[in-house]
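**Q** Starting off with a structure, shown below.
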Amino acid sequence: MNRFFSFTLAVCLLVLMSFTGVSAEVRPNGITITPYAGWYIFEGNEDYNDRPLYGLGLGYRFSKHWSTELSLSYGDFKLNACESPDCDDVSIDGYSAYMDIYYDIFPCWKVVPYATVGMGAMALDYDEEDRDPNLVISKKTASVFHYGGGLRYSLTPQLDVRADIRHALSFDVAKSQNQDFDLFNNMMATVGFTLTLGKSKPAVSQSQMDDQDQDGVPDSLDQCPNTVPMVSVNARGCPYDSDQDGVYDHQDKCPDTQPGERVDMFGCSKDSDSDGVMDALDRCPGTPANATVDVHGCPLDSDGDGISDLLDKCPNTPAGVNVDAAGCPQKKAEKKIRLNLKIEFASGKAEISTNSLDQVKKVAEAMQEYPDSTAVIEAHTDSSGGSEYNLKLSQQRANMVVHYLTNFFGIDASRLRAVGYGESRPVADNQTKAGRKRNRRAVAIITATQK
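Quick note, the sequence shown lines up with residues -24 to -1, 1 to 427 if you use mature numbering (1 follows the signal peptide of the UniProt record, and there is no 0).
Okay, structure coming up:
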């Protein structure tokens, strides 16, 4: 066991050396020859003493990571065959043949860690002259499956020193005829030299090997040097973006976005106005916040007046009615019709002469043309007489015009209003006869909605 401890210590030293990160020339492909020696450690209940073994491997390296090897070994084992002090251990010759596969984990390192797996057979034989006549020992051939790992240190591109430890599962190895079939857990520890027949490849510089984000692409070639660990990358060292939307697959919540669609930071189609309809399908991309929209992203307009329900102050407008910005029916523009009536009043009187009835008729016709119109009849006097008298007289004259409109032309009285202004609003000089005549007047102001 002291030898095994020494071997383990040597392997640990090689492990420490492997973390120096020193690069070496890439080992050439080609035939490998490996002489080795080591120690075979039997499971305790087999009654074999742990003994050295020696071997030779012939292999082929077919890539920088992979190689295979046929290994032949010999060991002089000792069997504790009896409990009597007079009984000597039996010398057993062990011949082994294995076919192994090796995988170099970091082939460009100075010290390369590797994994190995293999299987083969071990034949146990003994010399009849050494056998105790009291023992019955069978000659056996055992099947062996082993796996393990180790390190190889590059002395030159063609020459390595290697050390490894393997767990060997041995089937049908029996020390006597009375032992049943069993499975034994053994160990092998070996050290050897590997000579590779072939031409080495150019040395790999440290800068070519550096890979800060550990994505498998050297920093010198890595266009995305800070890739998140465990993310698959392309030859440029960048994460894949299958739908070409600008969001890497490992971040893309919507990996099947259609070409050309605008997406958000999660790779999903963008919805700028947050109405639930993606921009690519939104026919009304500027929808106000909180507006209820249809499948096209446009605000609902229940009464079809062109004003969305969100803004519509009159949501049940009849079809075809013109509406304002609030969605309410537009009020028709009003116009005022001013008719200066040439009605003659006798001085100091309110009666309308028969010659002036056609003037009253003009007012009636205008109001009949606009059924929703209203009219204000204004009456004025000259300055003859007192102001109070003139105000009363003008009101009587205005009332007389309204009387004629309602009683002779059928205009509803509710559409009419009479106002007397007396002498307060002259339009001519009251100092002249002609001026006073002009000031004795009546005016009809009609307010109508434009058709």
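Every residue, glycine too, gets a C-beta built ideally from N, C-alpha and C.
#1: Output yes or no for whether 8 Å exceeds the beta carbon distance between D281 and V299.
#2: Three-state secondary structure (DSSP) at L287?
#3: For L46, which beta-bridge partners are listed by DSSP?
#4: Taking the straight line between their C-alpha atoms, what separation do you get for T408 and K289?
#5: Taking Cβ positions, are P294 and S284 nearer each other than 8 Å?
#6: DSSP three-state call for F82: helix, strand or coil?
#7: Round the Cβ separation of P83 and L127 to the nearest angstrom and send it over; I've been treating them as touching at under 8 Å.
#8: Can you check the region 305 to 344 for any beta strand (DSSP E) of at least 3 residues that lies completely inside it and give the ranges in chain order?
#9: By DSSP, does S370 sit in helix, in strand, or in coil?
#10: Looking only at DSSP bridge pairs, what is N298 linked to?
#11: Quick check: what's the CA-CA separation for M343 versus I422?
#12: Which same chain residues end up closer than 8 Å to C(-13) when comparing Cβ atoms and leaving out the 5 residues on each side of it in sequence?
#13: Could you check which residue in P231, P194, D136 and V352 has the C-alpha nearest to that of P4?
#14: Exposed or buried, V403, counting other C-beta atoms within 10 Å across all chains shown (16 or more means buried)?
#15: Which of helix, strand or coil does DSSP assign to S(-2)?
#16: Please list, in chain order, all residues of the same chain as I353 whose beta carbon is under 6 Å from its beta carbon, the five residues on each side excluded.
#17: Given D358, which residues of its chain have a CB within under 7 Å of its CB, disregarding the five upstream and five downstream residues?
#18: So for R138, helix, strand or coil by DSSP?
#19: I need the boundaries of the alpha helix (DSSP H) containing R417, first residue and last residue.
#20: Taking only three categories from DSSP, how would you classify S218?
#21: In whole angstroms, what is the alpha-carbon distance linking G174 and T203?
#22: DSSP three-state call for T425: helix, strand or coil?
#23: Closest by CA to G273, which one among M164, D279, P194 and P261?
#24: Assuming T172 and T8 make a contact with CB atoms under 8 Å, what is their CB distance in whole Å?
#25: Smallest Cα separation from Y74: which of D219, L46, Y224 and G252?
#26: What residue from Q190, Q188, G192 and R212 has the CA that sits closest to Q199's CA?
#27: Find out if the Cβ-Cβ distance for the pair Y24, Y50 is shorter than 8 Å.
#28: Out of curiosity, what's the CA-to-CA distance linking T170 and G70?
#29: Which term fits V297, buried or exposed, when burial requires 16 or more other beta carbons within 10 angstroms of its beta carbon?
#30: Check the C-beta distance from A139 over to V120 and give it rounded, since I have them as a contact under 8 Å.
#31: Just list the residues that DSSP pairs D189 with in beta bridges.
#32: Quick check on DSSP: helix, strand or coil for S390?
#33: Near M(-8), what residues of its chain come up, given a Cβ to Cβ distance below 6 Å and the 5 sequence neighbours on each side ignored?
#34: Should N406 be flagged as near chain B, meaning a C-beta pair shorter than 8 Å?
#35: Using 8 Å as the threshold, is the C-beta distance between G14 and A165 below it?
**A** Reading from the atomic positions:
#1: yes
#2: coil
#3: L34 and M75
#4: 60 Å
#5: no
#6: coil
#7: The pair is not a contact, with the Cβ atoms about 12 Å apart (cut-off 8 Å).
#8: 310 to 317
#9: helix
#10: According to DSSP, N298 bridges with nothing at all.
#11: 7 Å
#12: Any answer about C(-13) is weak, because its pLDDT of 46 lies below 50 and its placement is not dependable; what the coordinates show is given next. Counting only Cβ-Cβ distances below 8 Å, and skipping sequence neighbours, we find nothing.
#13: D136
#14: exposed
#15: A caution first: S(-2) carries a pLDDT of 49, below 50, which makes its placement in the model too unreliable to give a value.
#16: A374, V377, V378, A394 and A420
#17: E399, N406, R412, N415 and R416
#18: strand
#19: Neither: R417 is in no alpha helix (DSSP H) and is coded neither H nor E.
#20: coil
#21: 37 Å
#22: strand
#23: P261
#24: 5 Å
#25: L46
#26: R212
#27: no
#28: 23 Å
#29: exposed
#30: 20 Å between Cβ atoms; not a contact.
#31: According to DSSP, D189 bridges with nothing at all.
#32: helix
#33: Low local confidence applies: a pLDDT of 47 at M(-8) is under 50, so the model's placement there is unreliable, and no value is given.
#34: The structure shown has no chain B; it contains just one protein chain.
#35: yes
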